[in-house]
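**Student:**
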Amino acid sequence: MWGSDSDSRDAKQGRDGKGKHDVSISDATVAVSDELAARDDMIVCREVDKWFGDFQALSGISATIKEQEIVVVLGPSGSGKSTWIRCINRLEVHQSGQIIVDGIELSNDLRNIEKIRSEVGMVFQQFNLFPHLTVMDNITLAPIWVRRKSRSEAEEQALALLERVGIPEQAQKFPGQLSGGQQQRVAIARALAMEPRVMLFDEPTSALDPEMIKEVLDVMEELARTGMTMMVVTHEMGFAREVADRIIFMEDGEIVEVGTPEHFFTEPEEERTKLFLSQVL
Amino acid sequence: MNQGDALPTLADKPVIERVATRPVEETYRSPAEWVRKNLFPSPFNSFLTVAFGLFVLLTVRGLLNFVFSEERGWDAVRTNLRLIFTHAYPEEQYVRVWVCVGVMVALAGLSLGLFAARGDGVPLRKISNALVAAAVAVAVGVVLREPSVLIGADGEVVRTDDAVVRQSFADAMSDRWGWWLTAAVLAVIALGLRRVPALGDGSLRTIQAFNLAAIALALPVLSAWIYPWGHYAFAEGEFIAEPGRTVAISTKLPWTVMWVLAVASLLVGRWVRSRIGEQSLSRLRIAVNLVWLAVPFVLYWVVLRDPDLDWARITQVDVPLALAFGVAGGIVLWWLTSDGIGELGRIAALALLGLAAFNWLAAFMGWYPMLQKVRISFLLLAVVALLAHNFSGETQKRRRLLAAWLAIMAVFHYFATIMNTPSTVETPTEALIGGFAVTLVVAVFTLMLSFPLGVLLALARTSRLPIFRVMATSYIEVVRGVPLITILIFFVVILPLFLPANMEISLFASATLGYTLFSAAYLAENVRGGLQSIRRGQYEASDAVGLSTSLRTTFVILPQALRASIPPLVGQVIATFKETSLLAIIGVFDILRMANSVIPAQTQFLGIKREGLLFVSLVYWVFAYTLSKWSQRLERRLGVGER
Amino acid sequence: MSDERGAGETASLGTLGARPPFYRDATVVKWLSQVVGLVLVLLGLFFLASQAQNNLEERDIATGYDFLGTALGSDLGSGIDTNPDTSGRALWAGMVNTIRLAIAGIALATILGVLVGVGRLSRNWIVSRTSSVFVETLRNIPLLVQIILIFVVIASLPRVTTDQGPIHGWLHVSNTGVSIPRVTIGDGFYQWIIFVIAGAALGRWAMRRQERRHDLTGQQTYPWLSFAGVVLAFAAVGWFAHPALGWVGAIFDAIASGIDALTPPIVQVVISLLAIAAAVQWIRRFLASHRTPAGLTKLIDDDWFRIIFAGAGAVLVILFVTLGWPGLSSWVINSGRDLFEVIADKFGDGRTGSPIAAYRPDIEQLGNFPNYGPAGLNLIQALAAVYFGVVLYTAAFIAEVVRGGILAVPKGQSEAAQALGLRRTTMLRRVILPQAFRVILPPLGNQYLNLTKNTSLAIAIGYSDVVQVGQTVYNQTGKTLEVVSIWMLFYLACSLTISVVVNFFNVRMRIVER
């Protein structure tokens, strides 16, 4: 039922409606097609800095992610990719600059933090399911207590989501009884249950055995097809090439290069990008 | 986070795994091979075996000689059993004590029947081996024990110069025919069990542990009806000792009832379990747990005290007060959970908290009089109001909160009224009960009160709020740094100094308070161990799905942390239980004081201490050992069967 | 730094930087709730204290520690001073009793506990079973019950006779208690111990050298043997040569008079300067750890809290020294001088006797009844009860700790060691024990702490430890609050000392592990 690798490109193009983007890289602007540029901003980062002690994890990150856009963040380990998307969910607190999600700034305002948390879904490398709750309770916990849905409504929705990620029969099991791939799909369902406008993926396939990676990537592709705004940190180059609208390459806490997949994989401009690609491809 | 002291749980973990992976049944070896392998594998080990064997034999011999000596005053224990267990609780009201025991027994049986997993059962071969060992032990004991002292015609011990005269060895052995018979009967039963054929499929025959326990408990109960244990009592202050009668009907009848209750409730529990589904079972589990929580209060304050209720006051003051709080509080909570109330709700809840705090302040300053339970009601309302925002929105959830509030008020006002009503049970002493009963009551109330406090302290100590962290840490470290006895003395001697003139506190209450505050610090450390074992990802995932701090703590963090800290928590339960012996020092008539001071002061048993103290040790040991075995089982189950 | 910018900046974003109202500001809410909590707790304590003040005034009980200097009307059962002239001196004697009991108890409980713990793991059936029974019996009976039982059992032993056994002249056991030979510090001990310390230093150097030689050449060397040899040689020489060190006392005398020459203001200034220096040093280090090439990082609330805390600590110390307790400075001077004078007194030309003295227990007959004489080490009934009580009880727990620690070493470790062909002793010494010790140490420290605290149960049988003496004092003076505060401070100090010692070894073990 899931699109194979070969037709996922069609899927993406179908979503864009146009097919190939007309890409031009200029000095000061992020390369996006006109069509993308016309959409609303979903995530805006301006000059975001973040230190851990005297280690600067992010320096001057500025980027805008549009509605329904799929952005893949690449970079060597320790380059600040994870820190960045964790800042967007305020799991880490940035120290200077601005992060604005769907028009709401991440600040000390408790109301804003609450709002953004329920608008942004997050999927972790280690799944982080709640081991003492069944799959069903994992998914319905937040809708019931944060979205204030009734239990029956939340369970109905949870079953639909489990159906969507392909494991409706596992609802009454505990996470420890599931395989890694299944757990990660439950984690995606759990995030989707809050009906977020943005989904953040922090290396969702890194902790998985090779044979389970595809089942998770398939779910993510399906999600992309439905028009979810997604920001994905990953090492899956295939996924980046096939699904991404844009690729952001980071190193040492800085954004080094931004571009469409074609541009990024075929004619990267920066030396550091070339070096990275030569190592991973 | 502070990693200063490694937690015993972490250190113990590998032990559990190792125990769990050990094969259950060792392969069978011949006795000779077993002895060679386990007792004489090397010259050094042979020496150890001989040395330890001698040591053990001498120790056992000394103990037997002490226990069975004709000079021992076991009558002091036998006659004073009632004193040891309940002190001066009036005899004509004793049925109340039995009701309490009965309720606990029935509840325990029901819980076991409903929730305990059916084990594999105990293999007959194992039982047979145990019986053989028991038979051998009895026989060895009979031989080891010194021959009895000769008693002259005047009933006095026969002496020459400075030594007592004893029977000849042969006489002693033939005199102990009863013991020989016992050993023989045990051996015969053991051999009989061995002849029971294995089942057709070659598996061993087993007996369910519960059935085995029921049989084992039935034996002493049955023996009370037929074997002449003797009858010992005080009648009008006179000491009666009538050896050779069966025990008093007032003792054997209740015990028989208890046995029947235990077996019946166990069967009922099993029957119910076989009838209902998983979902109803887990609901039933919650219900039974709530009953367990309420039972100590009901038994102590209602059954044992039989409060003298003043109906006029109840209808005029207590009920209206409870209703007023229920209704007014309900309206406030309904408003607090209405849609779109936002921050206003939190501010209102904080204002309520301020009001509650102000009431206490006023109490200390003596500004205006107020019933204590009104102050507590205000505090409860404030706490519920602070949590109310989690229930806002949907009507069903708001109704549930309202129902919970009404239930809280009903239960609280009920108990507050009961506790404020004087008892009708007249005891010659100041305290209602003493002896082992007071040990249990203090231990149970201490645990019930210190658990929530300990969890709060642990949360504060691991919280990200530095001032709370510092306060909790200093409290915990100070309390853990000083001995319990200094804290108890503080609460018993000094606490009255801190109270306003119109407030009084009983010895029992101040001691329980001291125990509670002490035990909470240790509980907090155990819970902290559990909290630290939770990975950061759990916090992050909870934040990412938008749970607030209170929701995260309630639904994600605490359930996992408490489960991880169950083994050390049970250890803390055992420790608290043993620590209750310190009650004797601060002047409570507990079981230790009975044996150490009260019985030796009776004219009939002047100065007899060792027997009583040994008996007290045995009582404590049985309870603590059972608990610790249970906790080891629990630990193994948690360690292996992580679901 | 990359200077890419978000392409679609919208005008609406301009209003985003506004500060939220205070009740929604995460930082404000966080700190406000904490401060409110703190104030509530402090208020509660304050009202309790003022209530106590009122009640005490009503009952005409004065507060204060003056009673420490007044006479105590009763004797102590045992200790350094059985007939103290003041309450303070009596409490001090009680503290010494507690400390002695704790140290001696820790020593014996450790030995016994380790033996039993290892015994539980023995393959010898009877050894492991006996050890298990020992542990399971002792740790499931309350310590207080055990202490009282031992006390009662001792009381039921026969009276002292002139030919007391079981081994007359060496070991006496009777209803009075236990008496054993006493080994004690002799006349020239302190001078002799200087020789031993010097020997230890030199021996350490020799040991290092041997170890290095082993590392370089692979030759079999005996580092520990050479260490022991050097120490023994020094001890032997020192045994006879120690009177030559009589002049050491003069040095301490000089230090004592130097301290005496100080005046209180100087001490106040020195302490204040030290406090300020410590705080400044701390803050500087803290800021340095937050400094980045791009300048100072933004400090979060916790950081500010810590900085303020450090500063406030220094200010509090200064206020306390100068205003809170001005007498402190002269107390520091006096006690410093006294301390060095006492030390100086331990040395001296006159001290020529043997460094260590030993006595066998004796029986003396005063009146009709024979009794233990002062020569032996007499564990009187109450002391013997509390000592053997805490030792046996703690040993049971230590045994469990030791057993757990050894079992915690994964089986693969011993298998790996065997695969490498290590001998059994080498394997135990180099592989198993270091790892087990790391697991054992923290809970072992806890047990030492428990033992120390448990000695307070001596109150139940009347042995004069600090709690029992304290009870006597407050019964006579009515100063309960003060006595309880002294208890708590004393036990906290003991706990702190044990924690520091255990932590010291803990840290060392961690470094060794790396």
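Protein chains in written order, with our numbering: chain P, 106 to 386; chain F, 2 to 644; chain Z, 2 to 515.
Glycine included, each C-beta is placed from N, C-alpha and C at the ideal position.
Model, not experiment: these values are computed from the prediction.
Is F:Y233 helix, strand or coil by DSSP?
**Tutor:** strand
**Student:** According to DSSP, simplified to helix, strand and coil, what is F:I128?
**Tutor:** Residue state for F:I128 is assigned as helix, using DSSP reduced to three classes.
**Student:** Looking at chain F, which residues of the stretch 327-352 of chain P have a Cβ within less than 7 Å of any of its Cβ atoms?
**Tutor:** From the stretch 327-352 of chain P, no residue has a Cβ closer than 7 Å to chain F.
**Student:** Beta-carbon within less than 8 Å of Z:F491's beta-carbon, same chain only, minus the 5 sequence neighbours each way: which residues are those?
**Tutor:** M96, T99 and V467
**Student:** So does Z:L452 have its beta carbon nearer than 7 Å to some heavy atom of the ligand NAD?
**Tutor:** You won't find the ligand NAD in this model; it holds no ligand whatsoever.
**Student:** With 16 other CB atoms within 10 Å as the buried threshold, where does Z:R121 fall?
**Tutor:** buried
**Student:** Let me know the beta strand (DSSP E) ranges lying completely inside the stretch 316-394 of chain F, each 3 residues or longer, listed in chain order.
**Tutor:** Runs found: none.
**Student:** Report yes if the C-beta distance between Z:L92 and Z:V474 is below 8 Å; otherwise report no.
**Tutor:** yes
**Student:** Would you please verify whether the beta carbon of F:R611 is less than 8 Å from any beta carbon of chain P?
**Tutor:** no
**Student:** For Z:T177, count the other beta carbons within 10 Å of its own beta carbon; 16 or more makes it buried, fewer makes it exposed. Which is it?
**Tutor:** Classification for Z:T177: buried.
**Student:** Under a Cβ-count criterion, where at least 16 other Cβ atoms within 10 Å of its own Cβ denotes burial, should F:Y90 be classed as buried or exposed?
**Tutor:** Counting the other Cβ atoms within 10 Å of the Cβ of F:Y90 gives 16 or more, which makes it buried.
**Student:** Start and end of the beta strand (DSSP E) containing P:I148?
**Tutor:** D146 to F157
**Student:** Closer than 7 Å by beta-carbon distance: list the chain F residues that pair up with Z:A53, in chain order.
**Tutor:** L498 and F499
**Student:** Is the distance from the Cβ of P:P181 to the Cβ of P:E326 below 8 Å?
**Tutor:** With respect to the 8 Å criterion, P:P181 and P:E326 are not classified as neighbours on the basis of their beta carbons.
**Student:** Is the beta carbon of F:V494 less than 8 Å from the beta carbon of F:L508?
**Tutor:** no
**Student:** Expressed to the nearest angstrom, what Euclidean distance is found between the alpha-carbon atoms of F:L192 and F:W181?
**Tutor:** 16 Å
**Student:** What does a CB cutoff of less than 7 Å around Z:S1 pick up in its chain, not counting 5 residues either side in sequence?
**Tutor:** Absent from the model: residue 1 of chain Z. The displayed extent of chain Z is 2 to 515, so no value can be given.
**Student:** Who does P:M336 pair with in a DSSP beta bridge?
**Tutor:** P:V176 and P:L305
**Student:** Any residues in the stretch 212-230 of chain P with a beta carbon nearer than 8 Å to a beta carbon of chain B? Which ones, in chain order?
**Tutor:** Looking for chain B here will not work: the only protein chains present are P, F and Z.
**Student:** Find out if the Cβ-Cβ distance for the pair Z:S457, Z:S79 is shorter than 8 Å.
**Tutor:** no
**Student:** Cα separation between P:S212 and P:K155?
**Tutor:** 14 Å
**Student:** Going by the CB atoms, is the gap between Z:R130 and Z:G247 shorter than 8 Å?
**Tutor:** no
**Student:** Under 8 Å, do P:V361 and P:R377 count as touching if we go by C-beta distance?
**Tutor:** yes
**Student:** Quick one: is Z:S227 near chain P, going by C-beta distance under 8 Å?
**Tutor:** no
**Student:** In terms of residue numbering, what span does the alpha helix (DSSP H) encompassing Z:L329 cover?
**Tutor:** Segment G328 to K347, the alpha helix (DSSP H) holding Z:L329.
**Student:** Distance cutoff 8 Å, beta carbons only. Does P:I130 sit that close to anything in chain Z?
**Tutor:** With a pLDDT of 36 at P:I130, under the threshold of 50, the predicted position of this residue should be treated as unreliable, though the coordinate-derived value follows. Closer than 8 Å: no.
**Student:** Quick one: is Z:M489 near chain F, going by C-beta distance under 8 Å?
**Tutor:** By this cut-off, Z:M489 is an interface position.
**Student:** Could you confirm whether any beta carbon from chain P is found closer than 8 Å to the beta carbon of F:V528?
**Tutor:** no
**Student:** Restricting to runs no shorter than 3 residues, where is the beta strand (DSSP E) found entirely within the stretch 228-298 of chain Z?
**Tutor:** none
**Student:** Can you tell me whether P:E375 is buried or exposed? The criterion is at least 16 other CB atoms within 10 Å of its CB, across all chains shown.
**Tutor:** exposed
**Student:** Starting from Z:A359, trace the beta strand (DSSP E) in both directions and tell me its first and last residue.
**Tutor:** I357 to Y360
**Student:** Is P:Q203 near P:E197, with beta carbons less than 8 Å apart?
**Tutor:** no
**Student:** I believe F:L402 touches P:V251 by the beta-carbon criterion, under 8 Å. Please report the beta-carbon distance rounded to the nearest angstrom.
**Tutor:** At roughly 16 Å, the Cβ-Cβ gap does not stay under 8 Å, so F:L402 and P:V251 are not in contact.
**Student:** Leaving out the 5 sequence neighbours to the left and right, which residues in its chain are closer than 7 Å to F:W99 when beta-carbon positions are compared?
**Tutor:** P255
**Student:** Please check the pair F:C101 and F:L305, which I expect to be a contact at CB under 8 Å, by giving their CB distance rounded to whole angstroms.
**Tutor:** 6 Å
**Student:** How long is the line joining the alpha carbons of Z:L340 and Z:A262, rounded to whole angstroms?
**Tutor:** 15 Å
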